[in-house]
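Enquirer:
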Amino acid sequence: MKNQRRCVACRQLAGKETFWRFVRLYPSHQVQLDQGMGRSAYLCPNPDCLRVAQKKNRLGHALRTSVPEELYQSLWQRLANPSEMTSPCGDVSESTTCSRSQPL
Ligand SMILES: [Zn+2]
5 MKNQRRCVAC RQLAGKETFW RFVRLYPSHQ VQLDQGMGRS AYLCPNPDCL
55 RVAQKKNRLG HALRTSVPEE LYQSLWQRLA NPSEMTSPCG DVSESTTCSR
105 SQPL
């Protein structure tokens, strides 16, 4: 295993190209996507991990700073790109995971 990164939401390990990279810039503590020098965190580019990262502030904890709402908005927009395959779960306001097929 070389240069594996871990998603802050689902803890999955993969190469860094697989993930979105977030960087807390020094010394401003601004959080920036994709580039920059500073403390980094990684997240899978999918709705489930983004939702967890946002709701539980996983990125904020990993980066030890607050993550602005606009950053999450831009990520949701990336996911909403029409060239992406359609998501099976359109309603992101649900707290349950969309992969659950059986009603409880
Ligand atoms: Zn993940």
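Numbering (the working numbering), first residue to last: 5 to 108. Every residue gets a Cβ at the ideal spot worked out from N, C-alpha and C, and that includes glycine. The model shown is predicted, which means the values in this text are computed figures rather than measured ones.
For Cys11, does the three-state DSSP call read helix, strand or coil?
Expert: Reduced to three states, the DSSP call for Cys11 is strand.
Enquirer: Apart from the five residues on each side of it in sequence, which residues of its chain come closer than 6 Å, Cβ to Cβ, to Pro49?
Expert: For Pro49, where only same-chain residues beyond five positions count, the Cβ hits under 6 Å are Trp24.
Enquirer: Kindly list the residues whose CB is nearer than 6 Å to the CB of Gln58, restricted to its own chain and excluding five residues on each side of it in sequence; keep chain order.
Expert: If we look at Gln58 and ignore the five residues flanking it on each side, its Cβ neighbours are Tyr76.
Enquirer: What do you reckon, is the C-beta of Ala13 under 7 Å from a heavy atom of ligand 1?
Expert: Because some heavy atom of ligand 1 lies under 7 Å away, the Cβ of Ala13 counts as near it: yes.
Enquirer: Comparing C-alpha positions only, which one of Tyr30, Arg82, Gln81 sits nearest to Arg68?
Expert: Arg68 has its Cα closest to that of Tyr30, out of Tyr30, Arg82, Gln81.
Enquirer: Could you give the residue range of the beta strand (DSSP E) that holds Arg55?
Expert: No beta strand (DSSP E) holds Arg55; the alpha helix (DSSP H) holding it covers 51-59.
Enquirer: Between which two residues does the alpha helix (DSSP H) holding Gly64 run?
Expert: Per DSSP, Gly64 belongs to the alpha helix (DSSP H) from 62-67.
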